[in-house]
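Those sequence lines, one after another, are chains U, B, X and Y. The UniProt record's numbering numbers the first residue of the first sequence as 1 and each following residue consecutively. The UniProt record's numbering numbers the first residue of the second sequence as 1 and each following residue consecutively. The UniProt record's numbering numbers the first residue of the third sequence as 1 and each following residue consecutively. The UniProt record's numbering numbers the first residue of the fourth sequence as 1 and each following residue consecutively. Right, one structure below, let's go through it.
There are 4 protein chains.
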Amino acid sequence: MARPRNAESDAAILAAASAVLGERGYDGLIVDEIARSVGVAKTTVYRRWPTKNHLVVSVLEDGEPDAAAADSGDDVRDLTSAVAALCSTLDPAPMRRLVAELAAASSRDPALRSEVDRLWARRRDAVAVVVERGVSAGTLSGDSALIVDQLVGAVYYRALITGETLDAEYSRGLVRAVVGPRDAEGTA
Amino acid sequence: MARPRNAESDAAILAAASAVLGERGYDGLIVDEIARSVGVAKTTVYRRWPTKNHLVVSVLEDGEPDAAAADSGDDVRDLTSAVAALCSTLDPAPMRRLVAELAAASSRDPALRSEVDRLWARRRDAVAVVVERGVSAGTLSGDSALIVDQLVGAVYYRALITGETLDAEYSRGLVRAVVGPRDAEGTA
Amino acid sequence: MARPRNAESDAAILAAASAVLGERGYDGLIVDEIARSVGVAKTTVYRRWPTKNHLVVSVLEDGEPDAAAADSGDDVRDLTSAVAALCSTLDPAPMRRLVAELAAASSRDPALRSEVDRLWARRRDAVAVVVERGVSAGTLSGDSALIVDQLVGAVYYRALITGETLDAEYSRGLVRAVVGPRDAEGTA
Amino acid sequence: MARPRNAESDAAILAAASAVLGERGYDGLIVDEIARSVGVAKTTVYRRWPTKNHLVVSVLEDGEPDAAAADSGDDVRDLTSAVAALCSTLDPAPMRRLVAELAAASSRDPALRSEVDRLWARRRDAVAVVVERGVSAGTLSGDSALIVDQLVGAVYYRALITGETLDAEYSRGLVRAVVGPRDAEGTA
DNA sequence: CACTAACCGAGACGGTACGTCCAGTCTTATA
DNA sequence: TATAAGACTGGACGTACCGTCTCGGTTAGTG
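As structure tokens, then:
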């Protein structure tokens with residue numbers, strides 16, 4: 001009965017937003033500009049995403065690897081992969097900025113909070129799943145939540161605060177340090 | 001030789017900014033308003049801090065506990081204090097937001113970067129000192145930088161990303177998890 | 001196709017600006033204040049007039065008497081009316097100031113120049129029309145452009161430079177002096 | 001008894017101001033900049049001239065030709081010279097702008113008014129003297145004040161309002177038009 | 001020769017308006 | 001109902017320049 005939304009617009013907007021976000025970061029993203037560049041009215045953007053921030057979250061969710069954690073039988077190896085995957089979602093400098101910006105935005109705007117939380121949770125879970133598997137199998141020892149905090153926390157910390165590199169090397173070292181020499185020795 | 005800057009203005013501005021920051025957060029801070037409330041011209045603020053963000057960094061630095069890490073002889077205890085201290089700098093919700101906001105701002109503005117980095121480094125060092133002491137004394141084992149990442153990272157992660165509480169309980173648990181049951185057992 | 005500009009805003013802004021201009025002169029006019037008093041955002045003002053100066057020109061143009069020169073058959077009388085009309089557009093002290101201010105502003109800002117020129121031309125033409133009519137009818141003799149310069153010039157000179165009064169008396173005397181005793185004798 | 005003012009500073013400031021005024025006009029003149037360029041403190045400028053405007057008036061007065069009106073025996077010729085001299089003080093575009101700017105400034109600031117008036121009067125007098133001589137000698141007829149208004153007014157009008165050229169040609173034509181064909185015929 | 005008043009450079013300061021930028025909402029006409 | 005176009009509110013930002021002030025230091029002429 002009514003005119004349907006144009007699905008292509010959604011995709012085009014996300015693509016354009018993603019590109020700009022990559023190049024010029026969070027506040028280089030100007031809604032008006034995105035709309036114009038896509039050949040769409042600003043209204044059209046706002047009909048889909050109530051806020052610039054919501055759009056940004058969408059972009060991030062859109063680009064998520066959707067990693068089903070591997071289960072190779074070797075927990076430390078799996079954990080290292082999971083951590084490395086997390087690193088790669090935070091690696092290019094603009095992405096770090098984006099995450100920082102979102103953290104800020106979500107503490108400003110409660111409506112955004114849940115959206116952003118969902119995204120963070122998804123990323124955390126990818127690691128948590130492996131950790132919990134190890135803990136229940138007895139391969140790892142300790143409080144799994146704390147272990148996840150140490151792993152994921154260290155990665156975010158480097159990404160957001162110190163700005164240091166997040167390469168495979170670091171992932172390996174971090175996992176080894178966390179799961180402890182005893183456990184790691186047999187597998188490294 | 002020229003008229004010196006009025007040091008009281010600096011202090012008054014920082015104080016006012018700090019108060020507002022605590023109450024209304026980052027973007028509740030309006031430079032114009034601060035100036036007026038202190039009875040100072042806006043230009044006077046901008047003469048000292050080229051940007052609102054620079055002012056915010058100053059406020060944070062200013063409010064820093066300036067923690068000379070205690071040395072009680074018990075490394076785990078000292079470490080727990082250091083971590084707890086870090087937690088307390090990140091605890092009230094507006095502070096978390098501030099940190100997030102600054103992380104974002106500093107990746108936007110290179111001129112701000114170094115200022116912010118100095119602040120982050122100071123906080124990290126307070127923990128690092130204790131860790132390194134433990135490592136050289138043989139009380140702790142492992143790569144001290146990684147250990148610091150795990151501790152400090154977990155704390156920031158909770159503050160910025162998950163938003164969970166950062167109480168003394170958590171500090172204790174975290175330290176115990178990181179330094180490992182072996183080491184911790186004797187001291188907890 | 002797009003939302004049209006609100007014509008009432010234009011009018012209200014001009015009216016408010018005109019009032020302020022009359023009372024407090026050129027730099028008593030504060031764009032921000034005008035906007036607020038009209039209940040309009042500052043941007044709305046700047047969308048229409050790129051500059052405070054442009055707005056001022058508009059006000060002046062807007063308040064123009066739109067004089068269709070009278071044709072009474074008596075050229076000297078018509079000329080006197082035209083000159084008197086010109087005088088009245090320059091009479092209240094704030095208006096003189098305004099004209100001076102605009103003359104200055106338009107030589108600063110080329111973009112403003114043409115706008116202002118149009119306004120000046122309009123005023124000059126009201127006199128020029130009558131002069132030219134007289135010259136072609138043979139009632140007046142001489143170069144009509146020069147005659148207009150003498151009449152209009154004298155009026156502006158008094159208004160802007162000497163600041164002397166511009167009453168009906170002066171208009172009459174001036175016209176008589178310019179068209180010469182011969183022509184004027186029969187009509188005064 | 002006290003240290004005397006440095007007379008060279010006065011001259012240097014006037015020179016610098018004059019240069020800037022010529023190149024970039026009234027509000028291209030920034031007191032701070034002048035001071036710095038001369039190697040003098042802003043205070044030193046303000047000690048001598050209470051206001052930017054006062055400084056500008058000084059510059060103008062300083063550059064005045066100080067024309068003692070010639071008396072060649074031929075009134076029309078002398079008048080033409082006087083008018084031409086006036087034209088030349090108003091000729092380069094920046095000078096016109098300056099005059100406009102001063103007219104505006106002096107109607108803003110009463111303290112400046114008298115200074116500026118003195119300057120204007122001086123220029124008018126150079127023409128008035130000749131006109132009055134002619135009138136008392138019977139060579140010219142009419143109200144001398146009005147005649148001066150017509151001459152001087154036309155020149156200012158062109159300079160400030162229409163922006164047309166002010167060459168010798170125009171001076172001649174204007175004088176001829178004003179003193180009337182009768183008088184002019186014998187001399188042109 | 002010492003003293004002292006005014007001068008000087010440097011630059012901080014109060015004040016005030018400017019014009020700009022963007023987010024998000026609203027209004028029209030059209031598809 | 002969706003859409004393009006773009007006007008609108010709202011609010012802070014950082015900038016610019018004026019004229020005043022406060023320093024430390026210099027430089028006459030007077031006692």
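Beta carbons: idealized from backbone N, C-alpha and C, even for Gly.
Asked, Found
"Could you tell me the boundaries of the alpha helix (DSSP H) in which X:I13 lies?", "7-24"
"With a threshold of 8 Å between beta-carbons, can B:L160 be considered close to chain U, or not?", "yes"
"Can you find a CB in chain Y that lies within less than 8 Å of the CB of X:S9?", "no"
"By alpha-carbon positions, which one of B:S18, B:V152, B:A82 ends up nearest to B:M95?", "B:S18"
"Which whole-angstrom value is the C-beta distance of Y:L119 and Y:L60, which I expect to be below 8 Å?", "6 Å"
"By Cβ distance, which residues of its chain are closer than 7 Å to U:T187, with the 5 residues on each side in sequence left out?", "For U:T187, the predicted model reports a pLDDT of 41, less than 50, meaning its position is unreliable; a value from the coordinates is still stated below. Result list for U:T187: D74, V76, R77, in chain order."
"Measuring CA to CA, which of Y:T44, Y:Y26, Y:D27, Y:V127 is closest to Y:A11?", "Y:T44"
"Quick test of the definition: if touching needs 3 or more C-beta pairs under 8 Å, does the region 135-150 of chain Y touch the region 92-109 of chain Y?", "no"
"Looking at the structure shown, is U:W49 part of a helix, part of a strand, or coil, going by DSSP?", "coil"
"If I measure Cβ to Cβ from Y:S62 and keep anything under 8 Å in the same chain, skipping five residues before and after, which residues do I get?", "The displayed chain sequence assigns Asp, not Ser, to residue 62 of chain Y. Within the same chain, Y:D62 has close Cβ partners L14, S18."
"Please state if the CB of U:V135 and the CB of U:A82 are separated by a distance shorter than 8 Å.", "no"
"Using the C-alpha atoms, what's the distance from B:V116 back to B:A16?", "20 Å"
"Along chain Y, in chain order, which residues have C-beta atoms closer than 8 Å to that of X:I147?", "A177"
"For B:D32 and U:Y170, I'd like the C-alpha separation in whole angstroms.", "45 Å"
"Mark Y:G138 as exposed unless 16 or more other C-beta atoms lie within 10 angstroms of its C-beta, in which case mark it buried.", "exposed"
"Could you give the distance in angstroms between the alpha-carbon of Y:C87 and the alpha-carbon of Y:L151?", "11 Å"
"Are the beta-carbon atoms of Y:S114 and X:R97 separated by less than 8 Å?", "no"
"Just checking: is the beta-carbon of Y:Y46 within a distance shorter than 8 Å of some beta-carbon in chain X?", "no"
"By Cβ distance below 7 Å, which residues in the same chain neighbour X:R127 in space, the five residues on each side in sequence not counted?", "Note that residue 127 of chain X corresponds to Val in the displayed sequence, not to Arg. Hits under 7 Å: A82, V83, L86, V148, L151, V152."
"Name, please, each residue of chain X whose Cβ falls closer than 9 Å to the Cβ of Y:S144.", "Near Y:S144 there are no residues of chain X at all, since even the closest Cβ is about 10 Å away, more than 9 Å."
"Residues in the same chain with beta-carbon distance under 7 Å from Y:D155, minus the five sequence neighbours each way, listed in chain order, please.", "Correcting the residue type first, residue 155 of chain Y is Val in the shown sequence and not Asp. Excluding residues within five positions, the ones whose Cβ falls inside 7 Å are V83, L86, C87, L90, L166."
"Got a sec: which bits of the region 84-105 of chain U sit with their beta carbon under 9 Å from any beta carbon on chain B, in order along the chain?", "A93, P94, R96, R97, L98, V99, A100, E101, L102, A103, A104, A105"
"Compare the Cα-Cα distances from U:P92 to each of U:P4, U:A177, U:R122, U:G163 and report the closest residue.", "U:G163"
"Report all residues from its chain with a CB closer than 6 Å to the CB of U:L79; omit the five preceding and five following residues, and keep chain order.", "V130, V175"
"Given this structure, state the Cα-to-Cα distance separating X:Y46 from X:D109, to the nearest angstrom.", "17 Å"
"Please state the DSSP three-state secondary structure of B:L60.", "helix"
"Taking the alpha helix (DSSP H) that Y:Y156 falls in, what are its first and last residues?", "144-156"
"Quick one: which unbroken alpha helix (DSSP H) runs of 4-plus residues sit fully inside the region 53-140 of chain B? Chain order, please.", "75-89, 93-108, 110-137"
"Tell whether a beta-carbon distance below 8 Å holds between B:D143 and U:A177.", "yes"
"Using three-state DSSP, classify X:E164 as helix, strand or coil.", "coil"
"If you draw a straight line from the C-alpha of B:L29 to the C-alpha of U:R36, how long is it?", "32 Å"
"If we count the other Cβ atoms within 10 Å of its Cβ and call it buried at 16 or more, is U:R5 buried or exposed?", "exposed"
"How is the alpha helix (DSSP H) around B:R36 delimited, first residue to last?", "31-38"
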